[in-house]
Structure formats: C-alpha cells, structure tokens
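Student:
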Amino acid sequence: MEFMRCTLTLAPLVRLIFGILLCLPMAQAGAQEESCYNVDFASRAMDRFKGGSRLDTTDIEALKGRIIRSIRYKRVGVFDENDPDENKSIYRFLNNLHINTKEYVVSSQILFAEGDTLDPDVIQESERLLRRREYLTGAFILPERVCQGTVDLVVVTRDSWSLEIDASFSHSGGDATTGIGISDDNIMGSGTSFSIGYDQEADRTGVRYSLQTDHILSSRWSTQLSYSDNSDGKNAIVQLERPFFSRHTPWSAGILYSDVTEAEIIRSKGDEVNSYQHERGLQQVFYGHSIFTTKRSTQRLLVGYSIEEDHFFPNKDTTDLGIPEDRKASYPWLEYQYLEDRYAVYRNLNQIQRTEDVPLGITFGFRMGYGEAEPGRHGDVVRYLGNYQHIFSVDDAHLLRVYLGVNGRDHMNSEDYDSSVWSSEVSYNYMQSSKNRWYTSISYDVGQDLAQHEELTLGGIEGMRGYPTSFQRGKKRMLATLERRYYSDWHWFNLIRVGAVAFLEAGKAWEGPDNNNNHMLANFGLGLRLSSSKVRVGNVVHLDIATPITERDGIDDYQILIKAKRHF
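Sequential numbering of the sequence shown, starting at 9, is according to our numbering.
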C-alpha cells in the first residue's frame, strides 16, 4: 500500500518533467523566432546608394557565415506598378504585353543554393552575372529575413522592354541607306533573343537574321547564330561557347565561325578618297583552364587554334589608290589571363541612372601564336594580342583608369607587312556629386605597316567632334578630351533619362598620306544624352554640336552628330 502511495505521489512530477522536455524545443524555436527580423528589401536597394554614387554593400557583408535558409525570386516588370508614376493604364497595358523573364532563367545563373554558407563575394558575383544580361535593367540580391544563424534571400530583377521595331534612314553624298526590322531580346521570358531585318543601300540589299542565348537549356553554354543574305554575298556567324562565367569556373571552351563582308570607306580632309569591299573570315576553337584562384585574383591559361583571312574586292567607288593585298594566317596560340578580384558598383558613370560594375585593380591578358601565313613570300607569322588595364579608386569620388593594348603580327621574311597597332589611354572620373562629374582622358596610339582601312583617324563621333569623319589619318594619333558631365533626375514620361555635357578636345593624326599638311586640331561643343530606362543597357543617344577652333578652312563652322553608343 505504501508503494502505491509513492507511485501516485511521483506521477504528477513525472508528467511535469515530461511536459517540460516536450515544450523545450518549442520554447527554443519561439526564442529563435523572436531573434529574427524582416528586411524591407525594396528600401534597402535604394539605401545602398544613399551615401553617394558608389554602392554600399555592408548589409550583405555583415551576414557572412550564416546559412542560406531560402531563396525567393522577385521579378519586377518593365514598369513598376508599385510606383505611383508608373501605375497608369498605359504602363499596365505594356506590362501585360511583356512576358517577364522566367524564374528558371534567373535561378539557373546564380552561383549559390539553399543550404550554402553565405559568402558575400559569391552573392556580389551573382549580381554582376545577372546585370550583364541585356534583358534585365537591374539586379540585386538582398536579405529578406535574418535570424540568429540563418538568412532568407530575395533575388530582385527588373526586366527591360525587349520587343523593338528597328527603323533607320541616312543620306550621305547623294546615297540613301534605309533599314527596317524587328527584334526581341527575351522571347517568352526565356532570355533568348531573335531579330530579323531588311537593309537597302545604294548598291546592296539584304535580309538578316540573328538568334542568341547566354544559357542553352538553362546550362552555362551560350550560342550566337547570325546570317544575312545580301545581293553581293552572304554573311554568317556561328558561335558556341562555355565561358568563364565565374572567377571560380574551372574550365571554358568554345568554337567560332565568322565570315562577314563590309564596305571600307576611306576618307581624308572631309572627302571620300577610296572605297572597297572587305571580307573578314575567322575560324577558331579554344579550351581554357583556371590555374590559380585565390581570394585576391584568378589566373587562367587558354590554348586554341585560329584561321584568320582578309579578302579585298574593288567596287564602283574604288579609286587609283587600289585595294590591299589579301592575307591569311593559320596558327595555334597560347593565352594567359590575370584578373584581380576587386569590384565596385557605381551609378551615373557610363550610363544614366543605371547600376554599373567596375573591375578595380589589374585585368591582364596576352595571346601569342605562330603559324603559316599567306602570301607565302612573307614567311611564317607571329600573331600577338594583349591588353592591360588598371583601375584605381580613391575615396569613392575618384576613378583613374590606365589602359595598354596591342594587336599585331610579325612575318619572318618581311619588314613592311607587319601590321600592328599599339594603344594607350589614361582616363579620370571625378565624381563631384551624384549628378555632376568631370571626365578627362588622353590617348596615344602608334601603328606600323597599316593598310588604308587600318590607319588611325581623327574626326567625327569617335574623337574631334568638330571635324568631319576621318578628317585626319596616319600611323600615329593623339587625342585629349575634357568633359563636364551632368546626370539629371529628369525622367520624361518615365521612359527617357536625360544628361548633358560640355566638352573640349584636342588631337592630331600624323605620318599618313597627308603627313606634311596635318596640324593640331581643337574643338569645343555641347551635347545631350538620352537613355531609355526601360530598354536594354547600352543605348545612350548622343546629340552633339561642335565647332572647330583650329584648321577651320574648307569645313563647316559646326558639326552636328547623332549616334547611339554604349557610354555617356
């Protein structure tokens, strides 16, 4: 009987202990849940630029080492219906016409997965990878919910308007050129682009087709197929490549076939002095492998084989100056690449109100090949290509870029057939404020044994805007530019971003056909910059008016230039 009383006495205590053990995980889960907090990722994306023109990524860097518990994808349409200025019937109608990029297209490109330990470098590299896609106007990866040891991420992408009607018309020297076409850079949200068009020139008509994707069947392989059927021949480009899509990618490979013909128009002192057809052929196969990857840099080796061909044909405008000699080079090659793993993200640099990734530090590549060449009398050829870039950033307001490049060939049995160009440039951006910038650059280029179409030129939209296209030409060229840039907040119809520029240029090309007559050129001018906020990155329309300061005889008092370029 005593035993029974003892059992009854202990029973409530056992139930109490058992209940505590059952509730303990729930209490721990509740305590952990209380330590979590939500993040307004939309505001956080805007806050990243509050300190100035450079992106502040301390929010994601502070989460290093946490486990990525979940990944959500937020795909914003071309027009943001949460923005009162864009929540209008016409914009909602256009959003309904556009098919947003599919989630599987975005998810197949990021470099991390649920369950991974968060590495800020991987997050930021994934952002850069997405921002390179022309069908997206922006991409950010942000924390959405943060707990003691885990984090939920949201991948935010905004689509660009992908369906475009292409129409063009130009008139020069009595000849008219027209073109019309249609293109879609994001067919059905798949990230695949397709275009078709028709062009008509004075002595040429043609139909062109193009198909391109950066991720075949959600893989890392990309392809480009381009074909045009012209009245004077056919052009074709076929490319299949698995690129180094990440600094940690162990290998890359690709194959390329290209056969393109275009008219080379030779101008000097404002006159057309010669013209001929130029057929460029390139067949290439390569394989690359990463040899060293550290926290600071990546080094790679690539091996390949290339066949380069240049064929020239006279046309109705070919003069007594004639055409260059055909040439061909077939050679294996070896290439070394060095990439420093430092990046910065800016706004209002080369684009207007767009996010831009800038590789800081050193980027270097050099390729050397040796093989047979035609015509055979010049002997075998050493083919070399290289580039060196070093970008310095100081206090987020100063950006200095140093660039060196070379593209040349050296034949064993020739001293006057070794076409090459050595290039150098120093440029500097002073970001006085988010809207006001100073930009200056100076470049110096030297050529050797250059054919007419390879000669270094000055004049027109590419430099010395107060003078006609290719006003001066030669084997050497110098160009200095100073620009005062303004990036406004104007957003016309929530479609067009607006900027302005005042510029001063000085330069000279010499050691060419008119060697004794070339003097230093100088001009100044004003310009507008127009960029759509809703189409793919790169279409900055330049509207410039410039007047020459020196060498004014025989040319107009001012030049008006209109052209779309990929930078401000």
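Ideal Cβ placement from N, Cα and C applies to all residues, glycine included.
So arginine 255 and threonine 306 are supposed to be a Cβ contact under 8 Å. How far apart are they, rounded?
Tutor: Arginine 255 to threonine 306, Cβ: 4 Å. Contact.
Student: Taking the CB atoms as reference points, tell me whether aspartate 160 and lysine 72 lie closer together than 8 Å.
Tutor: In this structure, lysine 72 does not lie closer than 8 Å to aspartate 160 by Cβ.
Student: May I ask which residues mark the beginning and end of the beta strand (DSSP E) holding alanine 355?
Tutor: For the record, residue 355 in the displayed sequence is arginine; it is not alanine. Segment 350-355, the beta strand (DSSP E) holding arginine 355.
Student: Would you check if there are 3 or more beta carbon pairs closer than 8 Å linking the segment 211-219 to the segment 234-250?
Tutor: Because the criterion of three Cβ pairs below 8 Å is met, the segment 211-219 and the segment 234-250 touch.
Student: If you draw a straight line from the alpha carbon of glutamate 43 to that of leucine 512, how long is it in whole angstroms?
Tutor: First, the residue type needs correcting, since residue 43 is serine and not glutamate in the sequence shown. Those two C-alpha atoms are separated by around 58 Å.
Student: Let me make sure I understand the geometry here. Which of Leu171, Ile224, Leu225, Met196 has the alpha-carbon closest to that of isoleucine 204?
Tutor: Comparing Cα positions, the closest option is Leu171.
Student: So, for serine 230: in the same chain, excluding its five sequence neighbours on each side, which residues have a beta-carbon less than 6 Å away from its beta-carbon?
Tutor: If we look at serine 230 and ignore the five residues flanking it on each side, its Cβ neighbours are Asp222, Glu249.
Student: So what's isoleucine 469 in DSSP terms, helix, strand or just coil?
Tutor: Three-state DSSP puts isoleucine 469 in coil, outside helix and strand.
Student: Measure the CB-CB distance between leucine 150 and valine 164 and report whether it falls below 8 Å.
Tutor: Their beta carbons are under 8 Å apart, which means leucine 150 touches valine 164 by this criterion.
Student: With aspartate 453 as the anchor, note down where its beta strand (DSSP E) starts and where it stops.
Tutor: Unbroken beta strand (DSSP E) run through aspartate 453: 444-456.
Student: When burial is assigned at 16 or more other CB atoms within 10 Å of the CB, is arginine 80 buried or exposed?
Tutor: Answer is exposed; the Cβ neighbour count stays below 16.
Student: Anyone know if the C-beta pair for aspartate 334 and aspartate 349 falls short of 8 Å?
Tutor: Contact: no.
Student: If we count the other Cβ atoms within 10 Å of its Cβ and call it buried at 16 or more, is alanine 175 buried or exposed?
Tutor: By the 10 Å Cβ count, alanine 175 comes out exposed.
Student: Around the Cβ of proline 258, are there at least 16 other Cβ atoms within 10 angstroms (buried) or fewer (exposed)?
Tutor: Under this definition proline 258 is an exposed residue.
Student: Which residue wins for smallest C-alpha separation from alanine 147, given the options Asp124, Arg153, Thr109?
Tutor: Here the closest residue by C-alpha is Thr109.
Student: In the DSSP assignment, the beta strand (DSSP E) including aspartate 418 goes from what residue to what residue?
Tutor: Element bounds for aspartate 418: 406-419.
Student: Report buried or exposed for tyrosine 45, applying the criterion of at least 16 other Cβ atoms within 10 angstroms of its Cβ.
Tutor: Exposed, by the Cβ-count rule.
Student: Three or more C-beta pairs closer than 8 Å, one from the segment 363-373 and one from the segment 384-400: is that the case here?
Tutor: The segment 363-373 is in contact with the segment 384-400.
Student: Decide if the segment 526-534 is in contact with the segment 460-474; the criterion is three or more beta carbon pairs, one per stretch, under 8 Å apart.
Tutor: With the cut-off at 8 Å, the segment 526-534 and the segment 460-474 touch.
Student: Quick one: using the 10 Å Cβ neighbour count with 16 as the cut-off for buried, is tyrosine 295 buried or exposed?
Tutor: Classification of tyrosine 295: exposed, given that the 10 Å Cβ count is below 16.
Student: State the beta-bridge partners of glutamine 345 as determined by DSSP.
Tutor: Glutamine 345 pairs with Arg308, Gly373.
Student: Is any beta-carbon of chain B found at less than 8 Å from that of isoleucine 563?
Tutor: The structure shown contains no chain B; it holds only a single protein chain.
Student: Which partner residues of leucine 464 appear in the DSSP bridge assignment?
Tutor: DSSP lists Gly482 as partners of leucine 464.
Student: Give me whichever residues DSSP pairs with alanine 70 in a beta bridge.
Tutor: Beta-bridge pairing links alanine 70 to no other residue.
Student: To the nearest angstrom, how far is it from the Cα of valine 4 to the Cα of leucine 264?
Tutor: Residue 4 is absent from the model: the chain starts at 9 and stops at 576.
Student: What's the C-alpha gap between lysine 324 and valine 281?
Tutor: Those two C-alpha atoms are separated by around 13 Å.
Student: Please classify arginine 574 as buried or exposed, where buried requires at least 16 neighbouring CB atoms within 10 angstroms.
Tutor: Exposed, since its Cβ has fewer than 16 Cβ neighbours within 10 Å.
Student: Would you call the CB atoms of lysine 336 and glutamate 382 closer than 8 Å?
Tutor: Against a cut-off of 8 Å, the Cβ pair of glutamate 382 and lysine 336 comes out as a contact.
Student: Just the Cα atoms here: how many angstroms apart are glutamine 285 and glutamate 559?
Tutor: Cα-Cα distance, rounded: 32 Å.
Student: By how many angstroms is the C-alpha of tyrosine 392 removed from the C-alpha of valine 198?
Tutor: As written in the sequence, residue 198 is serine, which differs from the valine given in the question. Rounded to the nearest angstrom, the two C-alpha atoms are 38 Å apart.
Student: Where are the beta strand (DSSP E) runs, 3 residues long or more, that stay fully inside the segment 101-182, in chain order?
Tutor: The qualifying runs are 144-154, 158-167, 171-180.
Student: Residues in the same chain with beta-carbon distance under 6 Å from glutamate 209, minus the five sequence neighbours each way, listed in chain order, please.
Tutor: The residues are Thr185.
Student: Quick check on DSSP: helix, strand or coil for tyrosine 425?
Tutor: Of the three classes helix, strand and coil, the one that applies to tyrosine 425 here is coil, per DSSP.
Student: Give me the DSSP bridge partner(s) of proline 322.
Tutor: Proline 322 is bridged to Tyr284.
Student: From what residue to what residue does the beta strand (DSSP E) around lysine 516 run?
Tutor: It spans 504-518 - the beta strand (DSSP E) in which lysine 516 sits, taken as one unbroken run.
Student: Determine the burial state of asparagine 525: buried for a count of at least 16 other Cβ atoms within 10 Å of its Cβ, exposed for fewer.
Tutor: When all chains shown are included, asparagine 525 counts as exposed.
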